[in-house]
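This report concerns only the one structure given below.
Protein chains: 2
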Amino acid sequence: MPKRVDHRERRALIADALMRVAAEQGLEAVSLRHVAAAAGVSSGMVQHYFRTRDEMMTFALAVIRERNEARVTRAIAALGETPAPRELLRTMLAELLPLDEERRADGRVALAFLAYTVVRPAVAAALHDETAALLGFIAGLISSGAGTTVDPERAAVGLLAVMEGLGIYLLGGHYPPETALAALDTQLDLLFGPAEPTS
Amino acid sequence: MPKRVDHRERRALIADALMRVAAEQGLEAVSLRHVAAAAGVSSGMVQHYFRTRDEMMTFALAVIRERNEARVTRAIAALGETPAPRELLRTMLAELLPLDEERRADGRVALAFLAYTVVRPAVAAALHDETAALLGFIAGLISSGAGTTVDPERAAVGLLAVMEGLGIYLLGGHYPPETALAALDTQLDLLFGPAEPTS
DNA sequence: GCGTTTACGTTGCAACTGCAATGCAAACGG
DNA sequence: CCGTTTGCATTGCAGTTGCAACGTAAACGC
């Protein structure tokens, strides 16, 4: 076994370059040579780690989802032992919003991938599962803490949609972060009843 | 003045072909030749009516927005003289959701354009205005009809976000139309208080 | 030493891209 | 009849694309 190299590290390096390109110029600018240049490597090397462009794309999409998941789990862990459902929900959803430049960059790529997968149903299956899992989690939190008598499932769908929609409008620059957060809190107020002043 | 041809009609014909291509294979598959083939014309003719590809894109984007606007005004007009705010709101938002195949096709293209404009801020200005106008309209309806004591502006932002998010998830096939409509109604319940059974 | 396997770099190619250029036919004003 | 303007088709070109095909260098087992 010759020349051992950390395979995953290289792939991550390339995927990182891909996302830089995608965030700045859109997914359609993501070509083998372009990504290779951004990563500072030869285009042959990119081909070595991803036999096809589509394979590279799929990997990058997985990276984004992992990053989001890591962000959320980290933010939740920072909440302490047994946070209130509403606080947990707010933290989680706010973390998924593109509120700073880092998350904006990720969000731009994610949005591009969203449009990408809509036309390629095969790739979209993974997103399906993620949504379903998130949905169940949110529904549980709502039913365990909401004051009003709403169907938790439906409310969860709505809440997730609010988050997604706010993300879209944030990326489009339609309004500033504070407005999005205010809208999110208003939404939570509707579900849980008005709350003591949130941070 | 020789050979008079309806300029707008031709452009509409081409834009229509563009959207068929975009809906089926994504925006990145939209090339001069491809669109020309889909429209059944020569690529030279496409060039005659749109001097650059970007000009063609911008026009297609405008067409989509006009179609949406027409859909909404038509649906609202069908409501009669003085509809209740809630009913008006529901009709409007439901009309903007990709609930049938026609609107799904439009939605796919719109989503692709969304990702497209995020990287090209110059094109996004028009969307800005549209959102702002919609927002003001919705806020007015809420403040004139909502039962709870919420800030109409914030609630409008949330409601619009719900609609956008539901649209995204519908396009992704994450859940069926009924689920989206149910979530929308739940959202309206939260704002206006539970209502008599909706159609 | 040698053979094999991995890790690249380089080159080449057919396909495609946007776009300019050119040509021609038709319709109108004069 | 003729020039001009418009509508459209064809062709060509430089650039880019994904990908295959090579090459070579390094690390290891034997």
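Protein chains in written order, with the numbering used here: chain X, 1098 to 1296; chain Y, 1098 to 1296. Quick reminder that beta carbons are idealized off the backbone N, C-alpha and C, glycines included.
Residue 1259 of chain Y versus chain X: which residues are under 8 Å apart at the beta carbon?
Neighbours of residue 1259 of chain Y on chain X, chain order: 1255, 1258, 1259 and 1262.
Pick helix, strand or coil for residue 1306 of chain Y, following the three-state DSSP scheme.
Since the first residue of chain Y shown is 1098 and the last is 1296, residue 1306 of chain Y is not available in this structure.
Name the residue from X:1220, X:1270, X:1241 and X:1148 whose alpha carbon lies nearest to the alpha carbon of residue 1181 of chain X.
For residue 1181 of chain X, the nearest C-alpha among the options comes from X:1241.
Going by beta-carbon coordinates alone, are residue 1144 of chain X and residue 1158 of chain X separated by less than 8 Å?
Cβ distance not < 8 Å, so residue 1144 of chain X and residue 1158 of chain X don't count as in contact.
Within 8 Å (strictly less), CB to CB, does residue 1152 of chain X reach chain Y?
For residue 1152 of chain X, the answer is no, since every Cβ of chain Y falls outside 8 Å of its Cβ.
Give the DSSP-derived three-state secondary structure of residue 1225 of chain Y in the structure shown.
Here residue 1225 of chain Y sits in helix by DSSP.
Looking at the C-beta of residue 1190 of chain X, does it have a partner C-beta in chain Y at a distance below 8 Å?
Residue 1190 of chain X does not count as touching chain Y.
Compare the C-beta of residue 1110 of chain Y against all C-beta atoms of chain X and say whether one is closer than 8 Å.
Closer than 8 Å: no.
Go ahead and label residue 1256 of chain Y buried or exposed: buried means 16 or more other beta carbons lie within 10 angstroms of its beta carbon, across all protein chains shown.
Residue 1256 of chain Y is buried by the Cβ-count criterion.
Determine, using beta carbons only, whether residue 1211 of chain Y and residue 1208 of chain X come nearer to each other than 8 Å.
In contact: residue 1211 of chain Y and residue 1208 of chain X (Cβ atoms closer than 8 Å).
Quick one: what's got a C-beta closer than 8 Å to residue 1299 of chain X's C-beta in the same chain, skipping five residues either side?
Since the first and last residues shown for chain X are 1098 and 1296, residue 1299 of chain X lies out of range.
Which bits of chain Y does residue 1125 of chain X rub up against, with CB to CB less than 7 Å?
Correct list: 1125.
I'd like to check one pair, residue 1269 of chain Y with residue 1221 of chain X: are the Cβ atoms closer than 8 Å?
Yes, these two residues count as a Cβ contact at 8 Å.
How about residue 1060 of chain Y and residue 1277 of chain Y: do their beta carbons lie closer than 8 Å?
Lying outside 1098 to 1296, the shown extent of chain Y, residue 1060 of chain Y is not represented and no answer is given.
Check the Cβ of residue 1213 of chain Y against every Cβ in chain X and list those closer than 9 Å, keeping chain order.
Correct list: 1123, 1125, 1209 and 1212.
Under the three-state reduction of DSSP, which class applies to residue 1091 of chain Y: helix, strand or coil?
No statement about residue 1091 of chain Y is possible, as the shown extent of chain Y runs from 1098 to 1296 and does not include it.
Kindly indicate which residue of X:1136, X:1183, X:1155 and X:1261 has the alpha-carbon position closest to the one of residue 1287 of chain X.
Ranking the options by Cα distance to residue 1287 of chain X, first place goes to X:1183.
So what's residue 1234 of chain X in DSSP terms, helix, strand or just coil?
Residue state, collapsed to three classes: helix.
Since residue 1120 of chain Y contacts residue 1206 of chain Y with CB under 8 Å, what's their CB separation in whole angstroms?
Contact holds; Cβ gap of about 5 Å.
My output table needs one value for residue 1103 of chain Y: the three-state DSSP class, helix, strand or coil.
If DSSP states are grouped into helix, strand and coil, residue 1103 of chain Y belongs with coil.
Along chain Y, in chain order, which residues have C-beta atoms closer than 9 Å to that of residue 1132 of chain X?
Residues of chain Y passing the Cβ test: none, with the nearest at roughly 15 Å.
State the Cα-Cα distance for the pair residue 1177 of chain X and residue 1225 of chain X, rounded to the nearest angstrom.
Each residue's alpha carbon lies about 30 Å from the other.
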